[in-house]
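Number of protein chains: 2
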Amino acid sequence: MGRTRIRDIRHQELIEATITAVHQRGYAVVTMAEIAALAGASAASINYYFGSKERLMEATMRHLMTMLKEAMLERYALAKSPHDRLMAVLDANFSDRLYTIEQCSLWVQFWGSAPYVPTLARLHQINRARVTSHFRAELSALLPENRRETVRVALQSYMDGVWLEAAQSAVRLDPIQARAEARKVADLLLTSDV
Amino acid sequence: MGRTRIRDIRHQELIEATITAVHQRGYAVVTMAEIAALAGASAASINYYFGSKERLMEATMRHLMTMLKEAMLERYALAKSPHDRLMAVLDANFSDRLYTIEQCSLWVQFWGSAPYVPTLARLHQINRARVTSHFRAELSALLPENRRETVRVALQSYMDGVWLEAAQSAVRLDPIQARAEARKVADLLLTSDV
DNA sequence: AAAATTTAAATGCCCATTTAAAAAATTGAA
DNA sequence: TTCAATTTTTTAAATGGGCATTTAAATTTT
Numbered sequence: 103m104g105r106t107r108i109r110d111i112r113h114q115e116l117i118e119a120t121i122t123a124v125h126q127r128g129y130a131v132v133t134m135a136e137i138a139a140l141a142g143a144s145a146a147s148i149n150y151y152f153g154s155k156e157r158l159m160e161a162t163m164r165h166l167m168t169m170l171k172e173a174m175l176e177r178y179a180l181a182k183s184p185h186d187r188l189m190a191v192l193d194a195n196f197s198d199r200l201y202t203i204e205q206c207s208l209w210v211q212f213w214g215s216a217p218y219v220p221t222l223a224r225l226h227q228i229n230r231a232r233v234t235s236h237f238r239a240e241l242s243a244l245l246p247e248n249r250r251e252t253v254r255v256a257l258q259s260y261m262d263g264v265w266l267e268a269a270q271s272a273v274r275l276d277p278i279q280a281r282a283e284a285r286k287v288a289d290l291l292l293t294s295d296v
Numbered sequence: 103m104g105r106t107r108i109r110d111i112r113h114q115e116l117i118e119a120t121i122t123a124v125h126q127r128g129y130a131v132v133t134m135a136e137i138a139a140l141a142g143a144s145a146a147s148i149n150y151y152f153g154s155k156e157r158l159m160e161a162t163m164r165h166l167m168t169m170l171k172e173a174m175l176e177r178y179a180l181a182k183s184p185h186d187r188l189m190a191v192l193d194a195n196f197s198d199r200l201y202t203i204e205q206c207s208l209w210v211q212f213w214g215s216a217p218y219v220p221t222l223a224r225l226h227q228i229n230r231a232r233v234t235s236h237f238r239a240e241l242s243a244l245l246p247e248n249r250r251e252t253v254r255v256a257l258q259s260y261m262d263g264v265w266l267e268a269a270q271s272a273v274r275l276d277p278i279q280a281r282a283e284a285r286k287v288a289d290l291l292l293t294s295d296v
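Quick mapping for you: the protein sequence lines, in order, are chains A and B. Take the first sequence: its position 88, counted from the start at 1, is 190 in my numbering, and no numbers get skipped. Take the second sequence: its position 160, counted from the start at 1, is 262 in my numbering, and no numbers get skipped.
Structure, rendered in structure tokens:
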């Protein structure tokens, strides 16, 4: 148990510091020294624990992805119907814990880098595939086949687009309203009489 | 007339090179020398014409924004109804000229940097405000007040989200299908019977 | 005593921007 | 037209700075 305690603590601390530092300064510009300073450590210790700046960013995004996944599964467990489960995905995306300017910033930085960093590209692909498959599973019970993919892409793009804008936001985010809006959008897409 | 011919030509060439180079390597990583090489020039000449790397990026994004604006106005001029004009905005966004992996890449890089570079933030704000006002104008004729903003935000987020994903795309984009899907999404949002 | 953790300092690179000088284009007077 | 004078364009080389990562040694924990 006590085996690798400090290691875990440092990982946690450095990832937290990375989230804050990358949000404040931008991934391209932030330095190892700045991140380390936020965690009360030295740049060298980041390399001791993570190996490189790139691997630190990778670990940080993995952490955010895990939080997203857990937020989704929590809500999934409580949902009783396909519709509820669909909403669970949306609610997770805009949950109080995740829908913050800080984290949305990280995602946008991540999206910008992913095409140029294979390991980040893989993470992006994994995350996207997971969300896609949840959406497909629930939408198949809610919509005829000829609309499913359109609605799925619309919802996923909507979530990304809102995060994107949140990252540029000067004002406080309102997760409660974001969830309400997301539900409205989903309902509009689901109940069309075209 | 012949006044500043070369200046204009070089601006054009260097902006084209920037689009290609930033797409290929990422804004954070691409060097002045690489951009210059693509244009058959030297890094120093970029500074002669643009002053700095940041101002080059700014000019490049201004150029992309102008293209988007023009694509929209072209279609606007032909549209006869609010619905047609709404579609004009969507079609412009996914027009053959603009909806390319190269350009979507640039936008994502831009979104990533804007929060940290005041001049880019201003550009982003200007562009967004313009699209917002077009959408509002047309939606006010198409929807009751209580749905307008929800649908507007949904459509704008959708457009951004699709570009975001396009930037990660390994395969060729299909602007014709993108326009068709965008229309479907808009129609679903407009005709809901909730 | 051994292993794990920490960091100061060294290393090695890379790059935007400036400078100074050359090359090319333009002008205008002869 | 012609050719010095002037202006514009171009770049090689210098400048100055920054930073990720490594190393080697010290410190702390086990």
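Virtual Cβ for every residue (Gly too), placed ideally from N, Cα, C.
If you count every other CB in all the chains shown that lies within 10 Å of the CB of residue i, and 16 or more means buried, which is it?
| i | result |
| --- | --- |
| glycine 263/B | buried |
| alanine 146/A | exposed |
| glutamate 156/A | exposed |
| leucine 291/A | buried |
| glycine 104/A | Note on glycine 104/A: pLDDT 43, under 50, position unreliable in the model; the coordinate value appears next. Its Cβ having fewer than 16 others within 10 Å, glycine 104/A is exposed. |
| threonine 252/A | buried |
| glycine 153/A | exposed |
| tyrosine 260/B | buried |
| isoleucine 111/A | exposed |
| threonine 293/A | exposed |
| arginine 109/B | exposed |
| asparagine 195/A | buried |
| aspartate 193/B | buried |
Please look up how many angstroms separate the CB atoms of residue i and residue j, rounded, as I've assumed it's under 8 Å.
| i | j | result |
| --- | --- | --- |
| serine 207/B | proline 277/B | The pair is not a contact, with the Cβ atoms about 16 Å apart (cut-off 8 Å). |
| methionine 163/B | phenylalanine 212/B | 5 Å |
| tyrosine 62/A | methionine 159/A | What the structure shows of chain A is the stretch from 103 to 296, and residue 62/A is not part of that stretch, so it cannot be assessed. |
| valine 131/A | tyrosine 218/B | 7 Å |
Using a Cβ cut-off of 9 Å, pull out every chain B residue sitting near residue i, in sequence order please.
| i | result |
| --- | --- |
| arginine 127/A | Tyr218 |
List the residues of chain B that residue i touches, going by C-beta distances under 7 Å, in chain order.
| i | result |
| --- | --- |
| lysine 286/A | Thr252 |
| valine 131/A | Tyr218 |
| histidine 226/A | Gln270 |
What residues from chain A crowd round residue i, counting only those whose CB sits closer than 9 Å?
| i | result |
| --- | --- |
| valine 255/B | Tyr260, Gly263, Val264, Glu267, Glu283, Val287 |
| glycine 142/B | Here the premise fails: no neighbours, minimum Cβ distance about 24 Å. |
| serine 235/B | In chain order: nothing, as chain A lies at least about 16 Å away. |
Counting only Cβ pairs nearer than 7 Å, list the residues of chain A close to residue i.
| i | result |
| --- | --- |
| valine 296/B | Asp289, Leu290, Thr293 |
| valine 210/B | Trp213, Gly214 |
Look up residue i in the DSSP assignment and say whether it is helix, strand or coil.
| i | result |
| --- | --- |
| serine 197/A | coil |
| serine 294/A | strand |
| serine 271/A | coil |
| tyrosine 150/B | helix |
| leucine 158/B | helix |
| lysine 182/A | coil |
| alanine 280/A | helix |
| leucine 245/B | coil |
| alanine 141/B | coil |
| valine 131/B | coil |
| valine 191/A | helix |
Strictly below 8 Å CB to CB, what residues from chain B border residue i?
| i | result |
| --- | --- |
| serine 207/A | Pro217 |
Worksheet item: Counting pairs of Cβ atoms below 8 Å between the region 239-249 of chain B and the region 239-256 of chain A, do you hit three or more?
Response: no
Worksheet item: Should the region 109-125 of chain A be called in touch with the region 191-205 of chain B, which here means at least 3 C-beta pairs below 8 Å?
Response: no
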